[in-house]
Every structure is written in C-alpha cells, then in structure tokens.
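J.:
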Amino acid sequence: MNYDIFSLQKILSEAFQKSAEKMGSGDTTVSIEKPKDKSHGDFSAPLAMVLAKKLKKPPLNIAQEILQNLNIDPSILLKAEIAAPGFINLRLNPALFGFILQNALSQDVNYGKSTQGKGEKILLEFVSANPTGPLNVVNARAAAIGDSIANLLSASGTEVLREYYVNDAGNQARLFGESLEAAISRIRGVPKSAPEGGYQGAYMEDLAKTYLTQKDDLPDSHFNVTSKLLGEWGMDQVVQWHKEVLEKYGILFDKWFSERRELHDSGLVAQTLEDLKRRGLTYDKDGATWIKTSEHGAHKDEVLVKSNGLPAYIVADIAYHLHKMDRGYDKVVNIMGPDHHGHILSMKAAHLALGFPPEKFEVLVAQQVNLLEGGEKVKMSKREGKFVTMDELLEKVGKDAARFFFVMRSANSHLDFDIEVARKQTDENPVFYIQYAHARICSLLRKCAEKGLTPFNRAEDFAPLNEPESLLLLKEIMEYPQWVVDSGRAYEPHRMVVYLQNLAADFHLFYSKHRILDAPVEVARARLALVLGVKNVIRNALGLLGVSAPEQM
RNA sequence: GUGCCCAUAGCUCAAUUGGAUAGAGCUUCUGACUUCGGAUCAGAAGGUUGCAGGUUCAAGUCCUGCUGGGCACACCA
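First residue of the first sequence: 1, per our numbering; consecutive thereafter.
Structure below.
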C-alpha cells in the first residue's frame, strides 16, 4: 500500500480516461483537481464538461455514462458523485490516509520530496546586483524568491543551479574605480570629488579606509595604482560583502559568474560580436554598430558597439545568455528587478534572432518593495544615499520574518513590507502564527514523552482519526508533496505560504476541539502521530522557504 | 507619446492557471479553558472583482477599448 498523492491521481486519471474512451472521447487529457470547497470531496473531475462539445451531449448525461463505465477498486475510491453542472466528485477510502500518514512519518525530513521533476535541468539566475554598492531590499526580495524556487524545484527532483551574475565590467565599473580613487585621495588629504554619476555613500569611505590599511599586504601593483585596478579590487570586496549578507540570509549560490573574467577576459564578448555580425544581424549607423532586435519583437534596435569603439553592455549580456544556453540546461530562468523589465524584450529578441526556442528562456520580475514603518512609508532616496540596505533590514527584522515576508506575496505584485509588523511577536505577524503551531506541537510531544506516551507509527492504528478535523489534517498532509511540485513549477513560492497558513489554522482548530493527553491511550497515540505528521510538514515546508521552525518560542 | 506590470472586502493579499456559492489575515464588535502554550479557537460585519464590450458549457482569470497608479523607454548598466 505504497500510495502517495501522485500515484493516486494517476490511478484515478487513467480509470477515467479508459471510461471516457468507451464513449468515443478520443484522446483527452483527464485532469483530477482538488475542489475548492471541501464538502465536494477529495478530488473532482471536470471531464464531462470538457467532453460536452465533442460528444454533443449534455454534461450531466456524459457524467452518468462515465460513472457507469468507471472501474476503480473500492479500497481506493469510496464514492463518486455527480454535481451540477457536470462535475464528478470523488471521495477516497479513508483507510488510504492511514497509509499516507505512516509513510509521511517514516520519511520524516524527506517527506515532500518527489521525483515529479526528475530529468529536468534548470539554471536559475537571481539577485545579480551590481558590485558597486550594498544590496537593497529588492535584491533581498529576489534572493528570497529565487532561493525558495530553487529549493522547491530541487525537492521535486529537478536539478537546479543557482547563479549570480557579477556585473564587474563596463562603464559602471569604471565609475566605481574612479570614485574609489577619489575617496582614497580625500583620506590622504588630497581634495578630489567623485566623477559625474559616480558612487559616494559612506561605504565608499569604508572601502577606501580598508584599502589603505591593507595596502601593505597587497602586491606592489596595487600601490599607487590606476583606478581600473583599484576598481577591480574594490568590486571584489563588495562581492565578498554580498556573499556574506546572503549567507546570513541562508542563501548560497552555486556559481558566481564574473562578467569581467569569464566574458571579457576570456574573449567571449569579442567572439559573440563576431558571431552576430557573421549572421548578418547587425548594421552600422552613426559610427556605431547596431543589432536588429526590432525585427524580432523588441520595439527598437540596440547599440552593440558605441562610436567610441567600446562594446555596449548588451553585448556582454547576449554573450552571457548564449553561454547559458550552451551549458546544457532545459530551461534558463532569470529573476530581474523592476527597473530592468524594459530590457526583457531586447533579450528575448536576441534569443529569437539567434534561433533559440523562446520558451527556453524565462524571465520573472521581482516587483518593487514599499517599506513601511507602522503604516508610514519609509522615504528613500538614492541620491542622498538614504536607502535601507538588505543588511539593515535583516538586522531589524531577522532572517525568518524577512524571508517569509518576501515570499508571502506573488513576485509580480508590488509588496508592502511593514518593518514594524515584521518585528512584532503578535497575531498580526503571520510568520509567528505558523511557527507557533510548530512550537505548540513540540511542547505537546515533550509533555507526552514525560508521561511515557509515544505516537503510533502504523497505519492500522490510525483508525481513531476519524473526526472531520483529523481527516482534514490527514488530507492536507497527503497533499503537501503536490503543493511543493506545483509551486515550484509555477515559480510561485507564495503558494507554500498559503498552504502553510491553512495547515496551521486547521491544526489550531483540531487542537482546540480534541484533547490528546487525557484521551484514551489508543486515541491519544493516534492523535500524537497525526500532530507529529503536521509538525514534520510545517518544518519541512518552512525549510524550503528558508524559515526556521523553532521548538520553543 | 510607446512598451511592460498592477487594480479583488475599510487595509494587506489569495483564488488549484478557464471551474461549483470569489476566500484568508489585519482592523471593529461579540463570545470560549480551574485542563495539553490564549502568540489560540468560535461567531458577526465587510463585494456590481476599476469601467464598457466580446469569446464559451463555464470569466476575477483570455481578447478589445477606456480610467487610474507604478516602472521602463540613453552610443548608462
């Protein structure tokens, strides 16, 4: 009896397909959904309505015929009912839940992992902030979303590479080097201001000081050096900061991809440029070289080589994406900030022009974050250097709240992040609601251990779990692996938050209605097994989101 | 002006990707343990899904046109 949600759905789906084929349905995919309303059963099939047109019969009649031909073992399917306008609602044999709980308990930390996404390889690029300053709150949001997606996909058996693209070349890099040089000069007593459009904040002063205190240990080439080398040194420092902040946040990248080293120094940028020219995708105008992106869906052409002879940023970007395409992944996914979404069409156009299938390249936009403090908008100005960094935010609200809040909403919508609410340890703060459920169960388990009560672990002992509140929890435990797969595939980690909130709420309801410690022993031990299952799922799911599951709060 | 994103309860957001009576949390009000963590639970209130059309068995979801908000439209990256 080694069923899980996936094998059950498959059994049902195949049986329906067979039944429908007898009616001449031809080739139809049969989807088995979970109904929105619990009272409709465990699963439902809209098949009859889908077939109505093809068979030219009313859906209700089709549903009846399908049921007559349907052959599913009663040990799996307890009941099938037709509901207007043509849904077929299915109720599983509750005995199955016992087996599923037994499996969930024995799989423990591995429960929720599946092989549904096996065989697929995804390259996920996210954060990729310029190494010219601190990470900001949108970077923090992208980081939380990206890492959670990667966790969800890995748990579904998909192979995921987390990559961070370091933009350490080009004009910004030059400005950064010159700004750093100016800052160092100032500390040495030589008045010098940062270049137009350069970088100023306090962190530049810190960098300059660090440089001066370390210079004795640095190779001669870095003493009295050009702004270019200075910039390279400085950017490596900033990248190091980024790594540290992200690590505090629980995020480890598999690959830090340096634009300067791996694209420019390696000659790949020059090679890409040649390639584009050879394919006839470029033309010259006004002393510059352009790429014909507008022929492939972008609203304008882009400059590849500026009239000063230097390659524009987009060459490196195209080179980078080509390189990604060549690395053997089925899908290349990129999470971008809201300020770059104008760039998406150009990149898609470049992919098309070079003949890559458009669906292989996917871009998600992590929308802007409005920071609030007690309902008041926190004013931020980049020019005045007045913006909250990711580091400061983490300091203020902690890792758990930060990661939870950032994945709580769909990436595509703007996010209101109230720092005050995130710090509160009250019912206003949703992360505590879920963590509390976990801690409450842990406390129960401790109490039971004192009394010598241990949870059952075999399906045949779970019969007492037959109240509506228990059955609901059993069902949610069963559905968990499916939520992992679905939210990963859709790149929507916020669905896991929705799931967790429901699970926690249903646990609290169960807890308030049913006693555990003072129930008869067989009931108590069965209920203990149930809440242990809930606890494991909460812990595993929070883990995928990078949020801890404390045993005491 | 052009393109992309957003618009759902007083507020912040969901809605299984086209499914059944649009759901949660917060806020407000009313109730619930001499007992396993009250950081909890139950109940009430709250809606013409921005507006107008269209597509079909079925539209918050898809297509068209408006309205309002955000972002982007450099030989910056």
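The beta-carbon is built from N, C-alpha and C at its ideal position, and this holds for glycine as well. Bear in mind the structure is a predicted one, so any value in this text is a computation, not a measurement.
Short check: CB of Y499 to CB of I149, under 7 Å?
T.: Your numbering for residue 499 matches position 499 in the first sequence. Your numbering for residue 149 matches position 149 in the first sequence. Cβ distance not < 7 Å, so Y499 and I149 don't count as in contact.
J.: In the DSSP output, which residue or residues are listed as bridge partners for K555?
T.: Residue 555 cannot be examined here, being either before or after the span of the chain that is shown, 1 to 553.
J.: On the premise that M336 lies in contact with V363, defined as a C-beta separation below 8 Å, what is that separation, rounded to the nearest angstrom?
T.: As a position in the first sequence, residue 363 is number 363, starting the count at 1. As a position in the first sequence, residue 336 is number 336, starting the count at 1. Confirmed, Cβ separation roughly 6 Å.
J.: According to DSSP, is I32 helix, strand or coil?
T.: For the purposes of this step, residue 32 is identified with residue 32 of the first sequence, where counting begins at 1. Three-state result, I32: coil.
J.: Mind checking whether N151 and L544 have CB atoms under 7 Å apart?
T.: As a position in the first sequence, residue 151 is number 151, starting the count at 1. As a position in the first sequence, residue 544 is number 544, starting the count at 1. For the pair N151 and L544, the CB atoms are nearer than the 7 Å cut-off.
J.: State yes or no: is the C-beta of V534 within less than 7 Å of the C-beta of F404?
T.: In the first sequence, residue 534 corresponds to position 534, counting from 1. In the first sequence, residue 404 corresponds to position 404, counting from 1. No, Cβ-Cβ distance for V534 and F404 is not below 7 Å.
J.: At a cut-off of 6 Å, is T272 close to the ligand HEM when judged by its beta-carbon and the heavy atoms of the ligand?
T.: The ligand HEM is not among the ligands present in this structure, which contains no ligands whatsoever.
J.: Of the residues N171, G119, N139 and G177, which one's Cα is nearest the Cα of S156?
T.: Taking the first residue of the first sequence as position 1, residue 156 is located at position 156. The shortest Cα separation from S156 among N171, G119, N139 and G177 belongs to G119.
J.: So, are the CB atoms of L445 and E476 less than 7 Å apart?
T.: By one-based count along the first sequence, residue 445 stands at place 445. By one-based count along the first sequence, residue 476 stands at place 476. No; because the gap between Cβ atoms is not below 7 Å, this pair is not in contact.
J.: Provide the residue span of the alpha helix (DSSP H) that contains E578, from first to last.
T.: This structure gives no information on residue 578, because the portion of the chain shown stretches from 1 to 553.
J.: Quick one: grab the DSSP three-state call for Y199.
T.: Residue mapping note: residue 199 aligns to position 199 of the first sequence, counting from 1. DSSP places Y199 in coil when its eight states are reduced to three.
J.: For L246, count the other beta carbons within 10 Å of its own beta carbon; 16 or more makes it buried, fewer makes it exposed. Which is it?
T.: Working through the first sequence from its first residue, we reach residue 246 at position 246. Around the Cβ of L246, a 10 Å sphere holds 16 or more other Cβ atoms; the residue is buried.
J.: Can you grab the Cα-Cα spacing for the pair R261 / Q200, in whole Å?
T.: As a position in the first sequence, residue 261 is number 261, starting the count at 1. As a position in the first sequence, residue 200 is number 200, starting the count at 1. Going by the C-alpha atoms only, they are around 26 Å apart.
J.: Roughly how many whole angstroms lie between the Cα atoms of K121 and D418?
T.: Here residue 121 is taken as the residue at index 121 of the first sequence, counted from 1. Here residue 418 is taken as the residue at index 418 of the first sequence, counted from 1. If you take the alpha carbons of K121 and D418, they lie about 36 Å apart.
J.: Could you pull out every residue in the same chain whose Cβ sits closer than 7 Å to the Cβ of N540, ignoring the five residues on either side in sequence?
T.: In the first sequence, residue 540 corresponds to position 540, counting from 1. Only V109, Y111 and G112 meet the Cβ criterion.
J.: Using 8 Å as the Cβ pair cut-off and three pairs as the minimum, do the segment 345-363 and the segment 274-294 touch?
T.: Yes, they touch.
J.: Do the segment 478-497 and the segment 446-463 touch if we need at least three Cβ pairs shorter than 8 Å?
T.: no
J.: Could you check the C-alpha separation between F223 and Q214 for me, to the nearest Å?
T.: On the first sequence, position 223 is the one that residue 223 refers to. On the first sequence, position 214 is the one that residue 214 refers to. Caution is warranted here: a pLDDT of 49 is assigned to F223, below 50, making its placement in the model unreliable, and the coordinate value is therefore given only provisionally. One C-alpha to the other measures close to 10 Å.
J.: At what residues does the alpha helix (DSSP H) containing R554 begin and finish?
T.: Because the chain is modelled from 1 through 553, residue 554 falls outside the range shown and cannot be assessed.
J.: State the Cα-Cα distance for the pair D326 and D286, rounded to the nearest angstrom.
T.: For the purposes of this step, residue 326 is identified with residue 326 of the first sequence, where counting begins at 1. For the purposes of this step, residue 286 is identified with residue 286 of the first sequence, where counting begins at 1. Approximately 33 Å between the Cα atoms of the pair.
J.: Rounding to the nearest angstrom, what Cα-Cα distance links S221 and S128 in this structure?
T.: Working through the first sequence from its first residue, we reach residue 221 at position 221. Working through the first sequence from its first residue, we reach residue 128 at position 128. Since pLDDT at S221 reaches only 49, below the 50 mark, its modelled position is unreliable, and the value read off the structure follows with that caveat. Cα to Cα, S221 sits roughly 29 Å from S128.
J.: Restricting to Cα atoms, I'd like to know which of T115, W233 and S44 is closest to P85.
T.: Stepping through the first sequence from its first residue, residue 85 is reached at position 85. Answer by Cα proximity: S44.
J.: Which residue or residues does DSSP assign as beta-bridge partners of P311?
T.: The residue you call residue 311 lines up with position 311 of the first sequence. Partner(s): V305.
J.: Are M49 and P59 closer than 7 Å when you measure CB to CB?
T.: For the purposes of this step, residue 49 is identified with residue 49 of the first sequence, where counting begins at 1. For the purposes of this step, residue 59 is identified with residue 59 of the first sequence, where counting begins at 1. Yes, the Cβ-Cβ distance between M49 and P59 is below 7 Å.
J.: According to DSSP, simplified to helix, strand and coil, what is K255?
T.: For the purposes of this step, residue 255 is taken as the residue at position 255 of the first sequence. Strand, per DSSP.
J.: The alpha helix (DSSP H) with S44 in it runs from where to where?
T.: In the first sequence, counting from the first residue as 1, residue 44 sits at position 44. Where S44 is concerned, there is no enclosing alpha helix (DSSP H), although the beta strand (DSSP E) it sits in stretches over F43 to A45.
J.: Just tell me which of Q64, V137 and S106 has its CA closest to the CA of L394.
T.: Your numbering for residue 394 matches position 394 in the first sequence. The residue with the shortest Cα to Cα distance from L394 is V137.
J.: Less than 6 Å between C-beta atoms, sequence neighbours within five positions excluded: which residues of the same chain meet that for L8?
T.: Indexing the first sequence from 1 puts residue 8 at position 8. Apart from the 5 residues on each side of it in sequence, L8 has no Cβ closer than 6 Å to any other Cβ in its chain.
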